[in-house]
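Colleague:
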Amino acid sequence: MVAAKTILAALALTAVAPAAALAQNGYSFLDAQSSPVHYGVAPVTPAMTCADVAGLATAETTIVSVRAVPAAEGVPEHCRVSGLIQPEIRFELNLPANWNRRFYMHGNGGFAGESPEFGSRPMIRANALKQGFAVAQT
10 MVAAKTILAA LALTAVAPAA ALAQNGYSFL DAQSSPVHYG VAPVTPAMTC ADVAGLATAE
70 TTIVSVRAVP AAEGVPEHCR VSGLIQPEIR FELNLPANWN RRFYMHGNGG FAGESPEFGS
130 RPMIRANALK QGFAVAQT
């Protein structure tokens, strides 16, 4: 009887776990067009060029790379900055050419070391950039 309950509990967990993972913010901004909040209001143009961002490194922060990303597939032109905050926090910051004065941050949920290109991360980044947000991830 105990073995049957254990197997049943394991099957239930196996069925529920993927749904819980999908609910973890993978679909941010998909309903933005129908939102009463107008995310694109108050656009601001950059005060410096993308290349100039490389000069903003500090003793605690290393800028690993800076590159201008051209507009593609509905995602606007933006500046992608990759860096390291001492001692070992890697980050990626995406600065849109027309910023809406808002910032969207998402982390890795405790799974340190995953790539910014892993799983739903590119979709989250793209959806936020489409709305004019500066986007960072660790």
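The numbering used here runs 9 ahead of the 1-based position in the sequence shown.
Glycine included, every Cβ here is placed at the ideal spot set by N, Cα and C.
Quick check: the segment 121-130 against the segment 67-82, are at least 3 beta-carbon pairs closer than 8 angstroms?
Modeller: no
Colleague: Determine whether the beta carbon atoms of Gly141 and Asn107 lie at a separation below 8 angstroms.
Modeller: Asn107 sits close to Gly141, with the two beta carbons spaced by under 8 angstroms.
Colleague: Less than 8 angstroms between the beta carbons of Leu104 and Pro55, yes or no?
Modeller: yes
Colleague: Exposed or buried, Val90, counting other C-beta atoms within 10 Å across all chains shown (16 or more means buried)?
Modeller: buried
Colleague: For Pro131, report the span of its beta strand (DSSP E) as first-last.
Modeller: Element bounds for Pro131: not the beta strand (DSSP E) but the alpha helix (DSSP H), Arg130 to Lys139.
Colleague: What is the DSSP secondary structure of Ser43, counted as helix, strand or coil?
Modeller: Assigned with DSSP and collapsed to three states, Ser43 falls in helix.
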